[in-house]
Every structure is written in structure tokens, then in C-alpha cells.
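Down below is the structure, laid out as C-alpha cells.
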Amino acid sequence: MEKTDKKEIVMSGIRPTGILHLGSYFGALKNYVRMQDDYECYFMVADLHSLTTHPDTQLLRSNVLHVISEYLACGLDPDKVALYCQSDVFETSELYFYFNTLAYKGELEKTTTFKDKVRLQPQNINAALLTYPVLQAADILLHRALYVPVGKDQEQHLEMTRNFAVRFNHRYGQVFPEPVAFNFGEELVKVPGLDGTGKMSKSENQNATLYLSDDDGLIRKKIMKAKTDEGPKVPGTPRPDYIENLFQLIKLTGSPGVLEKYEADYNNCTIRYGDLKKQLAEDMIRFIAPIREKATAIRSDENYMKEVMKKGAEKAGESAKKTMKLVREAIGLKYF
Ligand code: TRP
């Protein structure tokens with residue numbers, strides 16, 4: 048059962064553990080939008096994965112809607128891609144079971160993300176937490192995707208996905224490709240936090256993270272609070288990390304000429320960080336405000352949101368059904 052068009056298949060997911068920020072935009076979303084014409088894309092919000100940490104489900108629901116609306120606001124076109132929620136595609140759970148029979152306790156216990164979670168939530172080490180990478184493999188292989196645009200932190204999960212695919216094919220016959228991380232042939236942009244340490248994050252470091260839903264006042268406040276110092280005293284002084292981070296943010300969103308001006312000011316030791324931050328805040332507002340406003344408008348149209356999610360679930364379901372037919376036939380689970 049071949050797909051009708053010959054585009055290569057791309058699949059990625061995001062955990063709705065928080066709301067999207069500037070790092071999600073430059074690290075993922077911007078690239079998703081670029082891929083939507085050239086690939087058959089499945090972009091999914093992983094609400095089932097989020098249940099492994101027992102979140103407040105009302106908050107989870109609101110995060111799912113936020114993420115979907117922000118994907119749309121950034122330019123993902125629901126007519127081009129399948130944009131859907133994991134729990135709407137039931138086949139995922141079935142494939143997850145089959146892969147569970149091919150996943151070993153030892154390898155699951157060795158997974159870095161599992162070990163991190165054990166440390167973070169020792170009171171809730173449930174079985175679904177252990178098999179988190181198995182569910183992720185099901186997400187990806189459900190569409191027989193070849194490319195998975197994700198960051199470095201997901202490499203181990205992808206390697207496990209390839210292992211499950213190979214084991215399945217070996218045991219039952221060739222059904223699955225071996226998916227690889229997709230990077231865009233250029234260095235993946237890291238978006239630094241505003242406090243000089245680490246990157247922007249969905250769930251931690253909220254004051255150092257600029258969310259796509261932050262209002263203008265909050266954007267200004269966070270940027271004005273960013274760490275600086277008295278400035279260089281002698282030409283040629285290297286830029287400390289926390290200053291370098293501000294330059295990096297200017298590079299991503301600054302108006303033309305702003306980067307050059309402040310680089311020159313730094314080099315001749317006349318830089319005024321207060322002015323730099325004011326300028327950065329205004330440029331950032333120019334960047335974030337239209338996305339925020341668009342996402343809010345989209346979210347407030349409940350019928351449109353439902354329509355998009357239904358359409359996404361149907362597209363993903365269609366692809367899933369084709370794969371599951373092959374899977375059941377390969378295993379021999381077909382009695383009539
Ligand atoms: N584990 C991924 C993360 O934490 C989210 C995810 C779930 C995912 N299913 C996926 C990513 C499938 C890529 C493909 O970011």
C-alpha cells in the first residue's frame with residue numbers, strides 16, 4: 048500500500064509541558080514551516096507522553112491548545128501538514144504495545160531521560176515513564192517516517208526507535224524504515240536564556256525565557272532584568288557569556304544595523320547596556336507581538352481549533368491505518 052505522492056515523510060512531536068518560547072521557534076517551528084512544502088509532514092502534540100509525569104490535566108489541555116494555536120500562528124498550514132494531538136490517533140497505542148514486546152527492561156532503564164526522571168520524581172516511577180521511548184518510536188514509525196527534526200537531546204530516543212524498527216523487521220518482515228534526525232544542513236540555532244546560563248526552556252527558568260505569549264510589558268521587564276556589567280574598559284576584552292547571549296538575541300531578531308552598532312560600541316568601550324536592552328526589547332516585541340496576537344485570535348475561535356485538530360487527526364489516522372494493516376499482517380494477526 049504505497050502512499051500516493053512520493054514526498055519523503057517527516058514526523059516530529061512536542062511535549063505540551065509548557066508553552067512555546069523563542070527557542071522553540073528558532074530551534075524547531077521555523078524549520079517545520081520551511082519543510083511543509085517539500086515533505087509529507089506529521090507534527091504532533093504529545094499529550095500522552097505528558098501523562099507520564101501526572102500533570103494537572105486542565106493545564107495540560109490548555110497547553111495543548113496553546114501549542115496548536117502557536118504552530119498555526121507561526122505559519123504551519125493545516126492543509127499542507129497533519130497537525131494533530133497524539134491521543135486522537137488510537138493506533139499509536141497499539142503499535143506501542145507491539146514495540147513493548149521488543150524493548151528490553153535493561154535498555155529502557157539505561158536511557159538518560161529515564162534516569163533523569165527517576166531523580167526528579169522518585170515517588171512516581173511508573174511503567175509508562177520507563178517505556179517513554181517506546182511510545183516515541185510508535186509515534187514516528189506509525190507514519191513510517193524517515194526524518195525526525197529534533198534537537199540533540201533526542202538522539203538516544205531516535206537510536207532506540209531505529210533498534211525497535213530493525214528488531215521488528217527482523218522478526219516479522221520488512222515494514223519500517225530506520226528514521227534519522229533531520230537537521231537543516233546548517234548549525235542548529237541555540238537560543239540562550241536571559242540570565243547568562245543555559246537555554247530558554249518550556250518548564251524551567253521562566254524569567255530567563257521569552258514565551259511567544261508574553262505581553263509587551265513582560266518582554267520589556269525580562270530583557271531589562273538581564274544580567275550585564277559595567278562594560279569593557281579596554282578594547283579587545285572578550286565578551287562574557289551573559290553579554291554574548293544578548294548579542295545572539297540581537298542577531299536573531301534585531302533591526303538592521305543594530306548588531307553592527309552595538310558591536311562597534313563594545314569594541315571601542317562606549318557601549319551602554321541600558322540602551323542595548325531597550326533596543327533589544329523593542330525589536331523582540333516587534334517579533335513576538337504579531338505571533339502572540341495571531342495565536343490568541345486563533346485560539347479564541349473554538350470551532351476553527353476543533354476543525355484543525357479533527358482534520359489533523361484524520362490525516363494522521365489515515366497514514367496510521369495503512370501502517371497498522373501492514374504491521375498486523377506481518378505479525379499474523381489477521382483472522383478474517
Ligand atoms: N520526546 C520528545 C521531547 O521531549 C517529544 C516527542 C514525543 C517526539 N514523540 C515524538 C519527538 C516523536 C519527535 C518524534 O521533546
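Be aware that the sequence shown starts at 48, since it is given in the working numbering, and climbs by one per residue. Yeah, the Cβ is synthetic: ideal placement off N, Cα and C, and Gly gets one too.
Quick one: residues in its chain with C-beta nearer than 8 Å to the C-beta of residue i, no 5 flanking neighbours on either side, listed in chain order?
| i | result |
| --- | --- |
| Val133 | In the sequence as displayed, the identity of residue 133 is Gln instead of Val. Cβ neighbours of Gln133 beyond the five flanking positions: Gly60, Met91, Val92, Ala93, Asp94, Leu95, His96, Thr139, Asp186. |
| Glu361 | none |
| Met48 | Note that Met48 scores 47 on pLDDT, short of 50, meaning its location in the model is unreliable; the coordinates nonetheless yield the value given after this. For Met48, where only same-chain residues beyond five positions count, the Cβ hits under 8 Å are Lys369, Lys372, Leu373. |
| Thr158 | Tyr179, Pro180, Gln203, His204, Met207 |
| Ile115 | Val92, Leu130, Cys132, Met352, Val355, Met356 |
The ligand TRP and residue i: does the residue's C-beta get closer than 6 Å to at least one heavy atom of that ligand?
| i | result |
| --- | --- |
| Gln203 | no |
| Gln168 | no |
| Ser248 | no |
| Gly60 | yes |
| Ala150 | no |
| Ile115 | no |
| Ala93 | yes |
| Val238 | no |
| Ile56 | no |
| Val197 | yes |
| Ile66 | no |
| Gln105 | no |
| Gln183 | yes |
| His96 | yes |
For residue i, which option in the options has the closest C-alpha, if you only look at C-alpha atoms?
| i | options | result |
| --- | --- | --- |
| Pro226 | Thr208, Ile332, Ile266 | Thr208 |
| Gly122 | Tyr79, Gly153, Ala150, Leu306 | Tyr79 |
| Asp85 | Arg218, Ser347, Glu156, Val128 | Val128 |
| Ala150 | Thr104, Val213, Leu107, Asp163 | Val213 |
| Ala228 | Val222, Thr244, Arg218, Lys199 | Lys199 |
| Leu67 | Glu55, Leu112, Thr284 | Leu112 |
| Ser347 | Ile297, Lys164, Glu117, Ala311 | Glu117 |
| Phe211 | Phe137, Leu155, Phe231 | Leu155 |
Going along the chain, which residues of its own chain have a beta-carbon closer than 6 Å to the beta-carbon of residue i, five neighbours each way excluded?
| i | result |
| --- | --- |
| Gly220 | Ala377 |
| Leu167 | none |
| Ile270 | Lys324, Leu327, Ala328 |
In the DSSP assignment, find the alpha helix (DSSP H) that holds residue i and state where it starts and stops.
| i | result |
| --- | --- |
| Leu76 | That residue, Leu76, is in no alpha helix (DSSP H); it is neither H nor E in DSSP. |
| Gly122 | Taken as a continuous stretch (DSSP letters only), Gly122 belongs to no alpha helix (DSSP H), as it is neither H nor E. |
| Ala129 | Not the alpha helix (DSSP H): Ala129 falls in the beta strand (DSSP E), residues 129 to 132. |
| Met352 | 349 to 378 |
| Val2 | Because the chain is modelled from 48 through 383, residue 2 falls outside the range shown and cannot be assessed. |
First and last residue of the beta strand (DSSP E) that includes residue i?
| i | result |
| --- | --- |
| Glu87 | 87 to 92 |
Can you find the residues in the same chain that come closer than 7 Å, C-beta to C-beta, to residue i, ignoring five residues on each side of it along the sequence?
| i | result |
| --- | --- |
| Tyr320 | Thr275, Gly278 |
In chain order, each beta strand (DSSP E) run of at least 3 residues that lies wholly inside the segment 289 to 329: If we require 3 residues or more, the segment 289 to 329 turns out to have no beta strand (DSSP E) run fully inside it.
Ranges of the alpha helix (DSSP H) found wholly within the segment 249 to 292, counting only runs of at least 4: Counting whole runs of 4 or more residues, the segment 249 to 292 contains the alpha helix (DSSP H) stretches 263 to 271.
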